[in-house]
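One structure is given below, encoded as structure tokens.
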Amino acid sequence: MQISYDNKKLQTVCQEKAVAQKSLGVACARKLMLRLQAIEAAACVTDLVAGNPHPLAGSRYGEFALDLAHGWRLTIVSADNPAPINSDGAIDWSQVTTVIIKYIGNYHD
Numbered sequence: 888m889q890i891s892y893d894n895k896k897l898q899t900v901c902q903e904k905a906v907a908q909k910s911l912g913v914a915c916a917r918k919l920m921l922r923l924q925a926i927e928a929a930a931c932v933t934d935l936v937a938g939n940p941h942p943l944a945g946s947r948y949g950e951f952a953l954d955l956a957h958g959w960r961l962t963i964v965s966a967d968n969p970a971p972i973n974s975d976g977a978i979d980w981s982q983v984t985t986v987i988i989k990y991i992g993n994y995h996d
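The sequence shown begins at 888 in my numbering and counts up one residue at a time.
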């Protein structure tokens, strides 16, 4: 899949290992790099298997989460506007092939 970023700060954290390690810690930065590699290698969002991939609901509806470390998550959104929708009205993640990195953190805090 193709990846873009919601903002410059997220792009820097995702593309510079030293920045990721300083911002997130070594374990979380390592998981982030693995998740980014998996996203790039996947044909669509539903091809992702590592990191407990799952769509979010509520105030984070439209985001798809992957676990990192220590309760932190990486969330992505469809780069298509509007996102592809399936017959029940939900986002059809199997049709999403370009994503935007939206958030890195612990949204449960």
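A virtual CB, placed ideally from N, CA and C, is assigned to each residue, including glycine.
Pull up the distance between the alpha-carbon of residue i and that of residue j, whole angstroms please.
| i | j | result |
| --- | --- | --- |
| Val900 | Asn968 | 25 Å |
| Gln908 | Asp934 | 27 Å |
| Trp980 | Cys931 | 7 Å |
| Leu921 | Tyr990 | 16 Å |
| Leu919 | Gly992 | 11 Å |
| Gly976 | His941 | 17 Å |
| Val906 | Leu923 | 15 Å |
| Gln898 | Ser891 | 8 Å |
| Ala914 | Lys904 | 12 Å |
| Ile978 | Asp893 | 19 Å |
Which residue from the options puts its Cα closest to that of residue i?
| i | options | result |
| --- | --- | --- |
| Ala956 | Thr933, Ser891, Ala916 | Ala916 |
| Ile972 | Tyr948, Ser910, Leu923 | Tyr948 |
| Ala970 | Ile926, Thr984, Gly945 | Thr984 |
| Ala928 | Met888, Gly945, Gly912, Leu911 | Met888 |
| Leu911 | Asn939, Gly958, Ile926, Gly945 | Gly958 |
| Ser946 | Tyr994, Asn894, Lys896 | Tyr994 |
Quick one, are the C-beta atoms of residue i and residue j less than 7 Å apart?
| i | j | result |
| --- | --- | --- |
| Val964 | Glu950 | yes |
| Ile988 | Ala966 | no |
| Leu953 | Leu961 | yes |
Opposite residue i in the DSSP bridges: which residues?
| i | result |
| --- | --- |
| Thr933 | Note: Thr933 sits in no beta bridge, so no partner. |
| Pro942 | Phe951 |
| Ile926 | According to DSSP, which records beta bridges pairwise, Ile926 is partnered with nothing at all. |
| Tyr892 | Ile988 |
Between which two residues does the alpha helix (DSSP H) holding residue i run?
| i | result |
| --- | --- |
| Gln902 | 895-902 |
Would you mind reading off the limits of the beta strand (DSSP E) that contains residue i?
| i | result |
| --- | --- |
| Ser974 | Segment: none, Ser974 is in no beta strand (DSSP E) and carries neither H nor E. |
| Val964 | 960-965 |
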